[in-house]
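Chain order of the listed sequences is F and C.
When the first sequence is numbered by our numbering, its final residue is 211 and no position is left out of the sequence of numbers.
When the second sequence is numbered by our numbering, its final residue is 315 and no position is left out of the sequence of numbers.
Note that CB positions come from ideal geometry on N, CA and C, so glycine has one too.
What follows is a short report on a single structure.
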Amino acid sequence: MALKKIAEGAEADIYTLNFFGIDSVMKFRRPKPYLVKEIEESLRSVRTKTEARILSKASAITNAPKPLFVSKYGIIMEKLPGLQASKMPSLGSANAERAALILAKLHNVGIIHGDFTKANLLVSNDMLSVIDFGLSYFSSSPEDMAFDVLLAKRSISNSEYIRFRAQYSKSCFKSKVVLNKLEEIERRGRYQNRSLDTK
Amino acid sequence: MAVLGIESSAHTFGVGVSENGKLLANVKCMYKITDKGMIPSRVAEFHAGNAKAVIKEALEASGLSISDIEAVSYTKGPGLGPCLRIGQLSAMTLAETLNIPVYPVNHAIGHIQIAAHLSGMKDPLAIYVSGGNSQILGVAEEFKGVKRYHIYGETLDIGLGNMIDNFARAAKLNPAWGSTVAEVAEGGKYIQMPYTVKGMDFTFTGLLTNAVKALSSNSVKDVAYSLQETAFSMVVEASERALLLSGKQGVILCGGVAQSKRLKEMLNEMSGSHGQRFFVALNEYNADNGAMIAYVGELMHKHGSKPKSSELVVKQRYRIDEVELQWL
């Protein structure tokens, strides 16, 4: 079960390991000594617990990593194949539709991803998966769902978004309210025309 | 070559002089905020009354004479319209009289650029927190050679400083601003508060409402402490994510709230934990000031930027990502 650190995320370190014969990923939430104890504890343990619950629900309905073992600050989960979409030249319209379908499925069971950007989409041959549920939570509010769509929209190109939106409209039960809410959010003005492309 | 810069976006009328990146003068005159907050027309009147004296004082402090000034710059926005107009008018008058060029400067760029300049870092992550703004940014190249500040994350509702000031007024603190809240918060106990980070964005209104409500059943000390810790934690957490995602080298903090000791401490520790340097300028360059406007004006001047006369206006909502950074 040799550990190999593959990434240092904003709040967690990611390792790969072989967990009882399964290729896995371990996510460990680092201590944040600069925060007061109470906030740190809640960020680390509460988020880990929520993430594990959400992962088990999400992995049952769509391509998301299945949790194999959960401790107070860490989760070992199944390793999914593919490359981060943010590291590819473009997502492509077929994958944009797949992403929309995934997001719609999550929203249909009340899961908000919270960081639905290209960096958290894994692309392999003909499969798209979503990872990093570190900021996810349960909610049935259209506004929360609209924020997921907004993050996706800012992270992909316009033509990809058109396909994304069409697929999401078909697959998400609440799509109508959500997309209306999205327009309302965009009209609030602070973040018009903001894109997430950092390259 | 010396450039004189005028800042008047809010309560401060500031005049600075920059010569080859050396900040020769930084003089300011600040409108005193009462419990009613800021009434833009009153503040503008105050600026108009002080403009001449402050410009004179800055020139004296710089040791230069008016004929050494090669260009002037002013804050175009964002800010309060009536206040901005006084700065613009002063700059235009100077430029017209002396027959020298005039440059419009984005206020936020002023804050960030001067902090970056003083830090000596090439391409840092910038955390800009003031009354009206709270943004995490870095320079990004859009396409061939066109650079702009890219906003990784920002407040989705009100600015960090405004939120703290609002709380200070609700708690009847005097003077009602951040340093008073920080003093009161010393040694407080933590009460749970709503913590809202969405990706690299954050929101403050929920926290504010909750804190104001909590005042009725808790001591001001504990609420102030919890409010401050929660708000700063949100900003630092979002910054940490931005730092790792953007791959920027070094972290700078700027804007009015950069004067907060606790925020500096938290960001310093966060940056250090990733092996990154952290820099924050002296308070006089974090509060609104003329030196930063002079400095950016000088960059524009050196780069031969030629603003059209239609650009020499004020713009209350002037987003930082609208500005092309020709001088970088």
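Checklist line | residue 148 of chain C (DSSP reduced to helix, strand or coil) | finding: To locate residue 148 of chain C, count along the second sequence from 1; it is residue 161. Reduced to three states, the DSSP call for residue 148 of chain C is helix.
Item checked: Rounded C-alpha distance that separates residue 153 of chain C from residue 202 of chain C -> As a working note, residue 153 of chain C is residue 166 in the second sequence. As a working note, residue 202 of chain C is residue 215 in the second sequence. Rounded to whole angstroms, residue 153 of chain C to residue 202 of chain C spans 13 Å at the Cα level.
Check: Quick one: Cα of residue 117 of chain F to Cα of residue 199 of chain C, how far?
Finding: Walking along the first sequence from the start, residue 117 of chain F turns up at place 105. Walking along the second sequence from the start, residue 199 of chain C turns up at place 212. The C-alpha of residue 199 of chain C is placed about 38 Å away from the C-alpha of residue 117 of chain F.
Margin query: Quick check on the burial criterion: 16 or more other C-beta atoms within 10 angstroms. Buried or exposed for residue 290 of chain C?
Written below: One-based indexing of the second sequence puts residue 290 of chain C at position 303. With fewer than 16 other Cβ atoms within 10 Å, it is exposed.
Item checked: Residue of C/66, C/8, C/55 and C/50 minimising C-alpha distance to residue 25 of chain C -> Indexing the second sequence from 1 puts residue 25 of chain C at position 38. The shortest Cα separation from residue 25 of chain C among C/66, C/8, C/55 and C/50 belongs to C/66.
Notebook entry, point to check: From residue 150 of chain F to residue 23 of chain F, what distance separates their C-alpha atoms?
Noted result: Here residue 150 of chain F refers to the residue found at position 138 of the first sequence. Here residue 23 of chain F refers to the residue found at position 11 of the first sequence. In this structure, the straight-line span from the alpha carbon of residue 150 of chain F to that of residue 23 of chain F is close to 20 Å.
Checklist line | residue 182 of chain C at chain F interface by Cβ criterion, 8 Å | finding: Sequence index remark: in the second sequence, residue 182 of chain C carries index 195 (1-based). For residue 182 of chain C, the answer is yes, since a Cβ of chain F falls inside 8 Å of its Cβ.
Next item on the list: Determine, using beta carbons only, whether residue 311 of chain C comes closer than 8 Å to chain F.
Entry: The count along the second sequence starts at 1 and reaches residue 311 of chain C at position 324. Closer than 8 Å: no.
Check: Which residue's Cα is closest to the Cα of residue 40 of chain C: C/14, C/18 and C/267?
Finding: In the second sequence, the residue the question calls residue 40 of chain C occupies position 53. For the residues C/14, C/18 and C/267, the minimum Cα distance to residue 40 of chain C belongs to C/14.
Check: Among F/32, F/126 and F/93, which residue has its Cα nearest to the Cα of residue 146 of chain F?
Finding: As a working note, residue 146 of chain F is residue 134 in the first sequence. The candidate whose alpha carbon is nearest that of residue 146 of chain F is F/126.
Notebook entry, point to check: How many angstroms separate the CA atom of residue 186 of chain F from the CA atom of residue 194 of chain F?
Noted result: As a position in the first sequence, residue 186 of chain F is number 174, starting the count at 1. As a position in the first sequence, residue 194 of chain F is number 182, starting the count at 1. For residue 186 of chain F and residue 194 of chain F, the distance between alpha carbons rounds to 12 Å.
Notebook entry, point to check: Interface residues of chain C around residue 40 of chain F at Cβ under 9 Å?
Noted result: As a working note, residue 40 of chain F is residue 28 in the first sequence. In chain order: nothing, as chain C lies at least about 15 Å away.
Next item on the list: Using the DSSP secondary-structure output, state which residues sit across from residue 28 of chain F in a beta bridge.
Entry: As a first step, residue 28 of chain F must be located in the first sequence, where it is residue number 16. DSSP output for residue 28 of chain F lists F/16 and F/37 as bridge partner(s).
Checklist line | Host beta strand (DSSP E) of residue 282 of chain C (start-end) | finding: Here residue 282 of chain C refers to the residue found at position 295 of the second sequence. No beta strand (DSSP E) contains residue 282 of chain C, which is instead part of the alpha helix (DSSP H) from 277 to 289.
Notebook entry, point to check: Looking at chain C, which residues of the stretch 172 to 201 of chain F have a Cβ within less than 7 Å of any of its Cβ atoms?
Noted result: Result list empty, no residue passes.
Note to self: Residues in the same chain with beta-carbon distance under 7 Å from residue 301 of chain C, minus the five sequence neighbours each way, listed in chain order, please.
What the structure shows: Indexing the second sequence from 1 puts residue 301 of chain C at position 314. Excluding residues within five positions, the ones whose Cβ falls inside 7 Å are 63, 64, 68, 71, 72 and 75.
Next item on the list: Run down chain F in chain order and give the residues with a C-beta less than 7 Å from the C-beta of residue 185 of chain C.
Entry: As a working mapping, residue 185 of chain C is identified with position 198 in the second sequence. Taking a Cβ-Cβ cut-off of 7 Å, the neighbours of residue 185 of chain C in chain F comprise 126 and 159, given in sequence order.
Next item on the list: Under 9 Å between beta-carbons, which chain F residues line up against residue 220 of chain C? List them in chain order, please.
Entry: Residue numbering aside, residue 220 of chain C sits at position 233 when the second sequence is read from its first letter. Here the neighbours are 44, 46, 47, 48, 51, 52 and 55.
Notebook entry, point to check: Using CA coordinates, which residue listed in F/34, F/35 and F/102 is at the minimum distance from residue 171 of chain F?
Noted result: Walking along the first sequence from the start, residue 171 of chain F turns up at place 159. Minimum Cα distance to residue 171 of chain F is reached at F/102.
Next item on the list: For residue 170 of chain C, decide whether its Cβ has a neighbour in chain F, counting only Cβ atoms nearer than 8 Å.
Entry: As a first step, residue 170 of chain C must be located in the second sequence, where it is residue number 183. Chain F, which has no Cβ nearer than 8 Å to the Cβ of residue 170 of chain C, makes this no.
Margin query: Just to confirm the assignment, what range does the alpha helix (DSSP H) spanning residue 69 of chain F have?
Written below: Here residue 69 of chain F is taken as the residue at index 57 of the first sequence, counted from 1. In this chain, the alpha helix (DSSP H) harbouring residue 69 of chain F covers 59 to 73.
Note to self: Using beta carbons (cut-off 8 Å, strictly below), is residue 20 of chain F in contact with chain C?
What the structure shows: Counting from one through the first sequence, the residue named residue 20 of chain F turns up at place 8. Output row for residue 20 of chain F: interface = yes.
Check: Using the beta-carbon count (16 or more within 10 Å), is residue 208 of chain F buried or exposed?
Finding: The residue you call residue 208 of chain F lines up with position 196 of the first sequence. Interpretation of residue 208 of chain F is limited by its pLDDT of 45, a score under 50 that renders its predicted location unreliable; no figure is taken from the coordinates.
Notebook entry, point to check: How would you write the range of the beta strand (DSSP E) that residue 13 of chain C sits in, first residue to last?
Noted result: Taking the first residue of the second sequence as position 1, residue 13 of chain C is located at position 26. Residues 9 to 17.
Margin query: So that I know if they touch, is there some Cβ in chain C lying closer than 8 Å to that of residue 147 of chain F?
Written below: By 1-based counting over the first sequence, the position of residue 147 of chain F is 135. It does; some Cβ of chain C falls within 8 Å.
Next item on the list: Indicate whether at least one CB of chain F lies closer than 8 Å to the CB of residue 29 of chain C.
Entry: Taking the first residue of the second sequence as 1, we reach residue 29 of chain C at position 42. Output row for residue 29 of chain C: interface = no.
Margin query: Considering only DSSP beta bridges, list what residue 141 of chain C is partnered with.
Written below: Numbered from its first residue, the second sequence carries residue 141 of chain C at position 154. Residue 141 of chain C has C/122 as its beta-bridge partners, per DSSP.
Item checked: Given residue 316 of chain C as reference, the closest of C/28, C/88 and C/54 once Cα atoms are compared -> Lying outside -12 to 315, the shown extent of chain C, residue 316 of chain C is not represented and no answer is given.
Next item on the list: Check whether the Cβ of residue 210 of chain C lies closer than 8 Å to any Cβ atom in chain F.
Entry: Locating residue 210 of chain C in the second sequence gives position 223, counting from the first residue. With its beta carbon at least 8 Å from every one in chain F, residue 210 of chain C lies outside the interface.
Checklist line | Cβ of residue 210 of chain F within 8 Å of any chain C Cβ | finding: Position 198 of the first sequence, counted from the first residue, corresponds to residue 210 of chain F. The pLDDT assigned to residue 210 of chain F is 40, lower than 50, so where the model puts this residue is not dependable; a value taken from the coordinates is nonetheless given after this. It does: the Cβ of residue 210 of chain F has a partner Cβ on chain C nearer than 8 Å.
Notebook entry, point to check: Taking three-plus beta-carbon pairs below 8 Å as touching, is the stretch 249 to 257 of chain C in contact with the stretch 91 to 108 of chain C?
Noted result: Judged by Cβ distances under 8 Å, the stretch 249 to 257 of chain C makes no contact with the stretch 91 to 108 of chain C, as fewer than three pairs qualify.
Note to self: Just to confirm, is the Cβ distance from residue 208 of chain C to residue 111 of chain C under 8 Å?
What the structure shows: Stepping through the second sequence from its first residue, residue 208 of chain C is reached at position 221. Stepping through the second sequence from its first residue, residue 111 of chain C is reached at position 124. Residue 111 of chain C is positioned such that its CB atom lies no closer than 8 Å to that of residue 208 of chain C.
Next item on the list: Would you mind telling me which residues of chain C sit closer than 7 Å to residue 163 of chain F, beta carbon to beta carbon, in chain order?
Entry: For this step, residue 163 of chain F is matched to residue 151 along the first sequence. The contacting residues are 186.
Checklist line | Pick from C/144, C/60, C/176 and C/181 that is closest to residue 190 of chain C, judged by C-alpha positions | finding: Looking up residue 190 of chain C in the second sequence gives position 203. For the residues C/144, C/60, C/176 and C/181, the minimum Cα distance to residue 190 of chain C belongs to C/144.
Check: Which of the residues in the stretch 252 to 263 of chain C, read from start to end, lie with their CB under 7 Å from any CB of chain F?
Finding: Near chain F, meaning a CB-to-CB distance below 7 Å, the residues of the stretch 252 to 263 of chain C are 253, 256 and 257.
Notebook entry, point to check: With residue 139 of chain C and residue 148 of chain C assumed to form a contact (beta carbons below 8 Å), what rounded beta-carbon distance in angstroms separates them?
Noted result: To locate residue 139 of chain C, count along the second sequence from 1; it is residue 152. To locate residue 148 of chain C, count along the second sequence from 1; it is residue 161. With 8 Å as the limit, residue 139 of chain C and residue 148 of chain C do not qualify as a contact, their Cβ atoms being about 20 Å apart.
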